[in-house]
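Quick mapping for you: the protein sequence lines, in order, are chains P and L.
Residue numbering for the first sequence follows the numbering used here, beginning at 1 and increasing consecutively.
Residue numbering for the second sequence follows the numbering used here, beginning at 290 and increasing consecutively.
In this text, a Cβ means the ideal position worked out from N, Cα and C, and glycines have one as well.
Data block below; observations after.
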Amino acid sequence: MREFHEYNPITVAAYYLCATAVTMFTMNPVVIGISLFASVINYILYAKNGIKPHLFSLVLFVIMAAVNPLINHNGMTVLFYLNDRPITAEAAIYGVTAAGMTVAALYWLRLFTKAMTSDKLLYLFGRLSPKISLILSMAIRYTELLRIRWRKISDAQKALGLYDDGNLIDALKGRARVLSILITWALENGIITAESMDARGYGTGRRTSFRLFRFRMRDGLITAICAAATAIAVIGLNGADVVWYPSIKTTLFEPVSIMGYVGFGVLSILPIIINTKEAIRWRYLSCAN
Amino acid sequence: MAVFELCELSFSYPNSAKKALEKVNITVDQGEFIALAGPTGSGKSTLLRLLKPELMQNGDQSGTILFCGNPIGDLPPRESAARIGYVAQSPEEQIVTDKVWHELAFTLENLGKKQQEIARRVAETAAFFGIAPWYRKHTSQLSGGQKQLLNLAAVMVSEPEALILDEPTAQLDPIEAARFFDTLYKLNRETGVTVIISEHRAEELLPLCDRMILLDHGTVVYDDAPRAIAQRMDKSSPYLPYLTAASRVFIHSGGAGECPLSVREGRKFFKSREIVSGNPHSPSATAPPGKEDCAALEMKDVFFRYHKDGADVLNGLNMTVNEGEIFAVLGANGCGKSTAAAIMTGVLKPYSGKVKLFGKALKEYKNGSLYRENLSCLPQDVESVFLHATVREELRGCEEIVNSLPFDLAPLYDRHPYDLSGGERQLVALCKALKSNPRLLILDEPSKGLDPNAKERLSELLRKLQSSGLTIILISHDIEFAASCADRCALFFDGGIAACESTSDFMCGNRCYTTAASRMTRGILRNVYTVDAAAAMIGGDRS
Chain P
1 MREFHEYNPI TVAAYYLCAT AVTMFTMNPV VIGISLFASV INYILYAKNG
51 IKPHLFSLVL FVIMAAVNPL INHNGMTVLF YLNDRPITAE AAIYGVTAAG
101 MTVAALYWLR LFTKAMTSDK LLYLFGRLSP KISLILSMAI RYTELLRIRW
151 RKISDAQKAL GLYDDGNLID ALKGRARVLS ILITWALENG IITAESMDAR
201 GYGTGRRTSF RLFRFRMRDG LITAICAAAT AIAVIGLNGA DVVWYPSIKT
251 TLFEPVSIMG YVGFGVLSIL PIIINTKEAI RWRYLSCAN
Chain L
290 MAVFELCELS FSYPNSAKKA LEKVNITVDQ GEFIALAGPT GSGKSTLLRL
340 LKPELMQNGD QSGTILFCGN PIGDLPPRES AARIGYVAQS PEEQIVTDKV
390 WHELAFTLEN LGKKQQEIAR RVAETAAFFG IAPWYRKHTS QLSGGQKQLL
440 NLAAVMVSEP EALILDEPTA QLDPIEAARF FDTLYKLNRE TGVTVIISEH
490 RAEELLPLCD RMILLDHGTV VYDDAPRAIA QRMDKSSPYL PYLTAASRVF
540 IHSGGAGECP LSVREGRKFF KSREIVSGNP HSPSATAPPG KEDCAALEMK
590 DVFFRYHKDG ADVLNGLNMT VNEGEIFAVL GANGCGKSTA AAIMTGVLKP
640 YSGKVKLFGK ALKEYKNGSL YRENLSCLPQ DVESVFLHAT VREELRGCEE
690 IVNSLPFDLA PLYDRHPYDL SGGERQLVAL CKALKSNPRL LILDEPSKGL
740 DPNAKERLSE LLRKLQSSGL TIILISHDIE FAASCADRCA LFFDGGIAAC
790 ESTSDFMCGN RCYTTAASRM TRGILRNVYT VDAAAAMIGG DRS
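Spelled out as structure tokens, the structure:
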């Protein structure tokens with residue numbers, strides 16, 4: 001079953017960037033409502049991380065929603081007084097909207113980091129420049145190598161009795177020694193890596209960059225749908241506006257804005273649509289076999 | 290047609306009066322499989338590097354090197370990269386990228402090949418080398434043997450005509466090495482690639498190769514088929530250790546008839562001969578030097594795992610090392626030997642079980658007293674011990690130990706520890722380990738990457754240290770080395786000790802995990818596990 005996240009990294013990255021951008025550049029309560037709802041559902045279906053991240057988001061949401069009316073006293077509709085300061089309905093609604101926007105954007109970014117693993121990011125950078133892609137790939141390899149090496153050296157020093165954990169100064173001296181050995185080792189062995197690169201023709205001319213991911217028709221199709229939905233949302237939401245203070249006045253439900261909501265709605269549940277379609281197809285396939 | 294033609298080739302390094310290579314004449318034909326042997330410093334690496342233009346070093350060169358009929362220097366860079374493959378010793382540092390598939394594609398990317406072509410070559414190569422199951426893995430997750438196979442595969446993607454390998458299996462265990470040689474042999478037979486390999490593992494390599502070139506002091510001493518070379522050597526030849534056990538027995542016994550190479554041929558040879566003398570290694574003849582009642586190290590029901598939910602790496606390990614003996618722990622890579630060593634030295638703590646050193650639990654040694662005058666451990670990669678820029682600084686405070694050694698380290702004093710040969714490094718590191726005046730010394734793979742002479746010297750040195758009262762635990766996968774110096778051997782398997790006996794009982798009791806001499810004489814001679822003993826028992830032709 002080819003789920004949404006198995007599409008080409010360009011498609012996946014473009015999708016999340018669009019969804020995040022539309023969410024972040026608007027204060028439209030309807031859009032933020034849709035965005036928050038869809039991003040939470042997407043996250044639950046994809047990440048399966050348990051309850052913890054949601055608790056964190058909830059706390060964040062409550063705090064942010066509460067802070068605005070406490071420090072912002074604009075607005076005509078006074079709900080009650082706190083320490084002789086008015087708490088207004090306008091400021092409260094604004095706070096809830098802003099908090100919803102932040103939390104929704106957070107969910108979209110979480111989904112992005114979850115979906116874009118290191119090899120997918122490398123692929124994206126590789127499309128930009130084969131050199132950057134190689135450097136990143138080597139950097140990832142070297143950090144891992146140095147980590148393992150650090151461990152080996154400090155164990156070796158310890159077992160030779162050269163690494164004294166007795167007090168802070170000695171422990172720091174021990175660390176410095178391990179670091180110094182590690183650097184010598186890295187420089188010495190870097191020569192071997194450099195020779196290995198030379199021997200295999202590095203620097204003999206223009207490089208190409210081999211990719212495991214292919215950009216297929218359907219990747220193009222989904223990217224196009226994603227772009228179209230974003231365009232409709234942006235155009236449609238252009239006219240939809242909210243004046244918050246002194247009292248809330250909206251132009252949220254013009255026909256053109258409703259078109260914008262539909263566009264954004266399609267965008268935000270696109271992964272769910274694709275996954276459901278695939279699940280149904282899979283079911284029919286397994287019935288047929 | 291000749292792939293390489295070396296004519297009167299001489300080479301010397303800058304600031305060095307000695308010539309690294311002197312008047313070398315070698316012709317390498319298409320499709321040959323050539324083993325390059327010789328002691329450390331004989332010029333093997335220098336010669337191999339001269340055959341790969343990217344790796345040529347500065348120095349004075351005279352004579353000519355032709356590659357496929359043209360001077361090797363005239364080869365355009367891209368062609369030289371693609372047509373001459375080179376694999377070095379270290380599995381780890383040769384790998385450039387983080388993913389297996391990317392490493393395979395690296396050469397072709399450098400050569401500017403198109404996506405389609407890279408995909409095809411990479412797929413072909415991965416299938417040939419059996420890499421497909423780990424194609425998408427991180428390179429740091431592979432075992433040493435897999436890493437070296439990947440290095441070989443990554444070179445083969447550009448379809449080179451010649452493959453040059455500089456001690457590729459020095460860092461691998463015997464099983465991984467055998468797999469590497471098998472793959473190399475298959476490559477040579479099935480694709481016709483010319484192979485030139487320098488290696489100390491004569492036993493596995495010589496039966497596979499067409500020709501052996503023996504270098505010493507920069508000159509070619511022998512250049513012929515291994516069998517023919519063995520037939521020309523006599524008992525006093527200094528190059529005997531570069532031959533297989535079967536050939537050595539043949540030479541020791543007088544050298545009549547055809548020389549055997551492999552263990553199989555060796556068995557045939559033994560069957561055709563009369564057995565003269567009695568039994569040199571009768572088990573009761575020599576009592577082991579260790580004092581049975583004094584345990585230097587005792588491990589009782591030791592369990593260890595790295596993660597809470599992981600599998601046990603040590604699974605109820607029981608082991609007793611007597612004071613004053615050399616105890617060898619043998620086993621394949623990844624069986625838990627090194628973990629056991631880390632537990633012995635207190636670097637890792639078992640979750641259950643007891644570890645006692647000289648009758649006292651490890652944790653009762655307070656404030657680092659464990660590592661002063663009690664226990665010292667030399668890790669597998671001895672580089673991790675070196676701190677300074679010269680050997681002199683490295684050995685400061687160890688003068689007494691250095692003076693008591695049977696060799697002179699003085700010529701090495703002004704060199705950087707990383708510039709020493711494997712054997713010399715091992716010696717310097719050993720001096721450092723002895724500085725704290727330990728009663729128990731733990732050595733992790735001390736014979737790794739050493740040439741036969743260096744191994745012999747190390748084995749003598751360990752014997753000498755033992756006679757001065759030191760207890761030594763040897764952790765190794767080098768069976769021949771353990772046979773040459775250990776008093777008792779233990780086979781480590783599945784997180785515990787599967788067998789633990791005196792060296793002669795161990796070597797003669799095991800069927801395949803034992804020395805070549807023992808495998809050759811099994812069922813023919815009793816209790817024989819060294820070449821010398823086997824040769825001494827052989828008489829004339831039976832017919």
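Closer than 8 Å at the beta carbon, the chain L residues around residue i
{"i": "P/Ala115", "result": "What P/Ala115 touches in chain L: nothing, since even the nearest Cβ is about 17 Å away."}
{"i": "P/Arg211", "result": "Gln404"}
CA-to-CA distance, residue j to residue i, given in whole angstroms
{"i": "L/Glu368", "j": "L/Tyr802", "result": "44 Å"}
{"i": "L/Gly358", "j": "L/His677", "result": "47 Å"}
{"i": "L/Ala412", "j": "L/Lys388", "result": "15 Å"}
{"i": "P/Tyr81", "j": "P/Ile132", "result": "58 Å"}
{"i": "P/Phe210", "j": "L/Tyr424", "result": "14 Å"}
{"i": "P/Ile10", "j": "P/Glu278", "result": "20 Å"}
{"i": "L/Ser571", "j": "P/Ala186", "result": "Note that L/Ser571 scores 49 on pLDDT, short of 50, meaning its location in the model is unreliable and no value can be drawn from it."}
{"i": "L/Gln823", "j": "L/Leu532", "result": "Before going further, note that residue 823 of chain L is Ala rather than Gln in the sequence given. Distance between the alpha carbons of L/Ala823 and L/Leu532: 16 Å."}
{"i": "L/Val509", "j": "L/Asp670", "result": "32 Å"}
{"i": "L/Leu344", "j": "L/Ala699", "result": "31 Å"}
{"i": "P/Phe25", "j": "P/Gly260", "result": "14 Å"}
{"i": "L/Leu649", "j": "P/Pro53", "result": "Note that residue 649 of chain L is Lys in the sequence shown, not Leu. Each residue's alpha carbon lies about 50 Å from the other."}
{"i": "P/Arg13", "j": "L/Phe300", "result": "Note on residue identity: the sequence assigns Ala, not Arg, to residue 13 of chain P. For P/Ala13 and L/Phe300, the distance between alpha carbons rounds to 56 Å."}
{"i": "P/Val30", "j": "P/Ile258", "result": "10 Å"}
Contact set for residue i: own chain, Cβ-Cβ below 7 Å, skip 5 residues either direction
{"i": "L/Tyr660", "result": "Ser725"}
{"i": "L/Gln460", "result": "Gln378, Ser379, Pro380, Gly433, Lys737, Gly738"}
{"i": "L/Ser573", "result": "With a pLDDT of 43 at L/Ser573, under the threshold of 50, the modelled position of this residue cannot be trusted, and the question is left open."}
{"i": "L/Lys772", "result": "For the sequence presented, residue 772 of chain L should be read as Ala rather than Lys. If we look at L/Ala772 and ignore the five residues flanking it on each side, its Cβ neighbours are Thr792, Met796, Thr804, Tyr818, Thr819."}
Interface partners of residue i on chain P, CB under 7 Å
{"i": "L/Thr396", "result": "Arg200, Gly201"}
{"i": "L/Thr428", "result": "Arg141"}
{"i": "L/Ser379", "result": "Ile192"}
{"i": "L/Leu336", "result": "Neighbours of L/Leu336 on chain P: none; closest Cβ ~16 Å, over 7 Å."}
Cut-off 6 Å between Cβ atoms - residues of its own chain near residue i, not counting five sequence neighbours on either side
{"i": "L/Met608", "result": "Met588, Ile786"}
{"i": "L/Glu612", "result": "Lys580, Cys583, Ala585, Thr760"}
{"i": "L/Cys789", "result": "Ala779"}
{"i": "L/Ile464", "result": "Ala621"}
Interface partners of residue i on chain L, CB under 7 Å
{"i": "P/Met197", "result": "Val385"}
{"i": "P/Trp185", "result": "Glu672"}
{"i": "P/Ala156", "result": "Pro668, Ser673, Val674"}
{"i": "P/Asp119", "result": "Lys388"}
Endpoints, alpha helix (DSSP H) assigned at residue i
{"i": "P/Val103", "result": "89-115"}
{"i": "L/Gln405", "result": "404-418"}
{"i": "L/Gln435", "result": "433-445"}
{"i": "L/Ala545", "result": "Neither: L/Ala545 is in no alpha helix (DSSP H) and is coded neither H nor E."}
{"i": "L/Asp708", "result": "Run containing L/Asp708: none; DSSP gives neither H nor E here."}
{"i": "L/Arg537", "result": "534-541"}
The beta strand (DSSP E) enclosing residue i, as first and last residue numbers
{"i": "L/Arg562", "result": "562-564"}
{"i": "L/Phe300", "result": "291-301"}
{"i": "L/Ile485", "result": "483-487"}
{"i": "L/Lys312", "result": "310-318"}
{"i": "P/Val78", "result": "78-82"}
{"i": "L/Gln383", "result": "No beta strand (DSSP E) holds L/Gln383; DSSP gives it neither H nor E."}
Partner residues on chain L for residue i, Cβ-Cβ distance less than 9 Å
{"i": "P/Lys152", "result": "Pro668, Gln669, Asp670, Ser673"}
{"i": "P/Met217", "result": "The contacting residues do not exist; P/Met217 stays about 17 Å from chain L at best."}
Amino acids of chain P, ordered along the chain, whose beta-carbon sits closer than 9 Å to that of residue i
{"i": "L/Pro366", "result": "Gly201, Gly203, Thr204, Gly205"}
{"i": "L/Tyr375", "result": "Glu195, Ser196, Ala199, Arg200"}
{"i": "L/Thr353", "result": "Going along chain P, no residue has its Cβ under 9 Å from L/Thr353, so there is no contact; the nearest lies around 22 Å."}
Proximal residues to residue i (C-beta, below 8 Å), its chain only, five neighbours per side dropped
{"i": "P/Leu146", "result": "Leu182, Ala186"}
{"i": "P/Arg207", "result": "Pro130, Lys131, Leu134"}
{"i": "L/Asp601", "result": "Phe592, Phe593, Arg594, Gly784"}
Proximal residues of chain P, C-beta to C-beta of residue i below 8 Å
{"i": "L/Ile407", "result": "Thr208, Phe210"}
- Item | Runs of beta strand (DSSP E) wholly within the region 730-784 of chain L (minimum 3 residues, chain order) | 760-765, 777-782
- Message: I'd like the ranges of any beta strand (DSSP E) spanning at least 3 consecutive residues and lying wholly in the region 622-671 of chain L.
- Response: 641-646, 664-667
- Query: At what residue ranges does the region 121-173 of chain P contain a whole run of the alpha helix (DSSP H), taking only runs of 4 or more?
  - Reply: 130-159
- Message: Just to confirm the assignment: which complete beta strand (DSSP E) runs, minimum length 3, are found wholly within the region 341-378 of chain L?
- Response: 349-356, 373-376
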